[in-house]
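Below you'll find the structure, written out as structure tokens, and then a few comments.
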Amino acid sequence: MGEKKINTADMNILTDVNFLVSVIVAIGEVANITGVPQRKIRYWDEKGYIEPVDKTATYRQYDYLNIKRIVLIKELLDEGFTLETAAKKVVERCAKVEEVFQRLKNQSS
DNA sequence: ATTCTTACA
DNA sequence: TGTAAGGA
């Protein structure tokens with residue numbers, strides 16, 4: 001059927017993406033990367049607006065999607081939206097990206 | 001050194 | 001929200 005050839009450039013991109021979805025960082029890194037204070041990140045967490053990877057872990061662990069959500073919420077907040085509204089918009093905006101990432105994770109495991 | 005929770009300014 | 005205390 002549709003046998004597709006894949007060049008090395010695309011292969012490298014796939015490698016990068018697979019690596020990206022596997023990266024896990026602690027709250028300190030997230031704060032540095034996003035510019036959102038740890039205090040706020042923990043607050044959004046307890047409010048249920050963001051969901052760290054492994055809740056059984058000693059420390060909160062964040063993946064690329066978590067960081068993306070945090071940045072998005074930050075931007076929407078700057079635009080004047082309520083935390084609740086911002087979080088809601090982020091859920092909608094991340095829905096599709098989430099599907100793709102979930103598929104990539106399942107493939108690489 | 002880094003994160004965590006609780007609590008107070 | 002920021003920051004300090006005290007334990008993990």
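Counting in full-length UniProt numbering, the first sequence runs without a single skipped number right up to 109 at its last residue. From the three backbone atoms N, C-alpha and C, an ideal C-beta is built for every residue, glycine too.
Tell me the DSSP secondary structure of residue i in three-state form.
i: Tyr62; result: strand
i: Val25; result: strand
i: Lys40; result: helix
i: Lys68; result: helix
i: Thr8; result: helix
i: Lys105; result: helix
Count the other CB atoms, across all protein chains shown, that sit within 10 Å of the CB of residue i; report buried if there are 16 or more and exposed otherwise.
i: Ile6; result: exposed
Since residue i and residue j should fall inside the 8 Å C-beta cutoff, what is the C-beta to C-beta distance between them, to a whole number of angstroms?
i: Val90; j: Leu72; result: 5 Å
i: Tyr49; j: Leu83; result: 7 Å
Nearest to residue i by CA position, among the options, is which residue?
i: Gln107; options: Trp44, Ala31, Ala9 and Asn18; result: Asn18
i: Trp44; options: Ile27, Thr58, Met11 and Leu104; result: Ile27
i: Glu99; options: Tyr59, Val21 and Val30; result: Val21
i: Asn66; options: Ile33, Thr56, Gly80 and Phe81; result: Ile33
Closer than 6 Å by C-beta to residue i: which residues in its own chain qualify, once you throw out the five before and the five after it? Chain order, please.
i: Asp54; result: Gln61
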